[in-house]
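In the working numbering, the protein residues as written are 13 to 376.
Every residue gets a Cβ at the ideal spot worked out from N, C-alpha and C, and that includes glycine.
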Ligand SMILES: C[S@@+](CC[C@H](N)C(=O)[O-])C[C@H]1O[C@@H](n2cnc3c(N)ncnc32)[C@H](O)[C@@H]1O
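Encoded structure:
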């Protein structure tokens, strides 16, 4: 187990480099700290520039941005945006063919599922878990990587609020541009709490955050274990790291690397499944289709400097870790049931089961 690293020794300096962006690419606007991104944007009658969601009688959704003098056309008639501007949300507008559309401002969850995507997005069900289980609160200093299409970014910005700080790091410039576009469309311009940098988390994080000053870190990337050292340096004692991964192999690797690092508490992992319900008269039942898998979440917390994570009391079950002939843990080309924590079946039991199914050795 690694103990406290000298890199963690506090440097005499500002708290968090004031969250100042030093490496924004040309043309990237700096956030406007005076703009409010909350209720003002979402309350009251529909205004020019608002994005609204139209639902037609078949449930098909269309999202438009209101502009005076503009028409919304389909192959079955049209109406003008002026028919909507000034009306309350929840109105119904009728087009020239008599087709009615329900008019509402889209919720963040609607927007995330319909917005342009570069990389796979974190679904609203997981974003909600991340906000709740990583305890992301108004005013928190949060670091996020990668940014992808910016779906999770928007939930994080909502949670930290205009007075918090979200520092997002994305290694791909093209994805960062998509995320910026999505975020600015959602919040009507640059969000005052948001800073976005292009680069690798491990390279960028030490340049933007003093050691021990970040409250929460959220990782959604292929190889989060490559960044655990940089994250441990940035996190404040007690700070939360939450990791979202798509596969069990990633989950296992990140858990083992966290234990090896020694600066994190014992990790906790889970997944969530949401099953929609059909509600119609007496036909009240689960939907036939659902999203069966999105990803796994894992949380852990930063230990205080100089304090090793307590050794687990419960010894891992025999066979949970691969061991070679010399008794050392390491990679093995062939996994056994014991490697996966399953109890090995004895030869005696195999013989009995074969007999039970009429396939005993005498029948071979
Ligand atoms: C699945 S996407 C993130 C999706 C995003 N959370 C969302 O909800 O839209 C993963 C992103 O991580 C980025 N990435 C991978 N490793 C990274 C690293 N070490 N530093 C920064 N970004 C990284 C990838 O370029 C990719 O855009």
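- Query: Roughly how many angstroms separate the alpha carbons of residue 214 and residue 253, rounded to a whole number?
  - Reply: 15 Å
- Query: Counting Cβ pairs, one atom from each stretch, are 3 or more of them under 8 Å apart for the stretch 304-316 and the stretch 271-286?
  - Reply: yes
- Message: Tell me which residues share the same chain as residue 170 and place their Cβ nearer than 6 Å to its Cβ, disregarding the 5 neighbours each side in the sequence.
- Response: none
- Taking DSSP as the reference, what is the three-state secondary structure of residue 67? strand
- Please name the residue, chosen from 96, 317, 107, 290, that lies closest to residue 87 on a Cα-to-Cα basis. 107
- Where does residue 289 land, buried or exposed, given buried means 16+ other C-beta within 10 angstroms? exposed
- Message: Nearer than 8 Å: is that true of the beta carbon of residue 196 relative to any heavy atom of ligand 1?
- Response: no
- Message: Given this structure, state the Cα-to-Cα distance separating residue 373 from residue 355, to the nearest angstrom.
- Response: 23 Å
- Item | residue 220 beta carbon near ligand 1 (any heavy atom closer than 8 Å) | no
- Message: So residue 320 and residue 274 are supposed to be a Cβ contact under 8 Å. How far apart are they, rounded?
- Response: 6 Å
- Close Cβ partners of residue 136 (< 8 Å) along its chain, the five nearest in sequence each way excluded: 120, 121, 124, 125, 167
- Query: Under the DSSP definition of a beta bridge, which residues are partnered with residue 209?
  - Reply: 181
- Message: What does DSSP give as the partner residue(s) for residue 156 in the beta ladder?
- Response: 180, 230
- Consider the C-beta atom of residue 214 and the heavy atoms of ligand 1; say whether any pair is separated by less than 8 Å. yes
- Message: To the nearest angstrom, how far is the alpha carbon of residue 42 from that of residue 69?
- Response: Because the pLDDT at residue 42 is just 46, under 50, the model does not fix this residue reliably, and the value given afterwards should be weighed accordingly. The straight-line gap from Cα to Cα measures roughly 43 Å.
- Query: Alpha carbon to alpha carbon, how far is residue 317 from residue 257?
  - Reply: 27 Å
- Would you list the residues sitting across from residue 83 in a DSSP beta bridge? 92
- Message: If distances are taken between C-alpha atoms only, which option among 97, 132, 306, 90 comes closest to residue 112?
- Response: 90
- Item | Exposure label - residue 55; buried when at least 16 CB within 10 Å | exposed
- Message: Shorter than 8 Å, the distance from the beta carbon of residue 187 to the closest heavy atom of ligand 1, or not?
- Response: yes
- Query: Which whole-angstrom value describes the C-beta separation of residue 80 and residue 94, a residue pair presumed to lie in contact below a C-beta threshold of 8 Å?
  - Reply: 6 Å
- Report the option in 191, 241, 369, 371 whose CA atom is closest to the CA atom of residue 131. 191
- Message: On the CB-based measure, 16 or more other CB atoms within 10 Å of its CB, does residue 259 come out buried or exposed?
- Response: exposed
- Item | Three-state secondary structure (DSSP) of residue 146 | coil
- Message: Can you tell me whether residue 240 sits near ligand 1, meaning its C-beta is under 8 Å from at least one heavy atom of the ligand?
- Response: no
- Extent of the continuous alpha helix (DSSP H) run through residue 167: 163-172
- Query: Cβ-heavy atom distance between residue 254 and ligand 1 below 8 Å?
  - Reply: no
- Query: By a C-beta neighbour count over all protein chains shown, 10 Å radius and 16 as the cutoff for buried, is residue 357 buried or exposed?
  - Reply: exposed
- Task: Reducing DSSP to helix, strand and coil, say where residue 286 ends up.
- Result: coil
- Message: At a cut-off of 8 Å, would you count residue 381 as near ligand 1, judging by its Cβ distance to the nearest heavy atom?
- Response: Residue 381 falls outside the range modelled here, since the chain spans only 13 to 376, and no answer is possible.
- Message: Quick check on residue 391: does DSSP put it in helix, strand or coil?
- Response: This structure does not reach residue 391, given that the chain is present from 13 up to 376, and the question cannot be answered.
- Message: Tell me the residue span of the beta strand (DSSP E) that contains residue 297.
- Response: 295-298
- Which residues in the same chain have their Cβ closer than 6 Å to the Cβ of residue 53, if we skip the five residues on either side of it in sequence? 200
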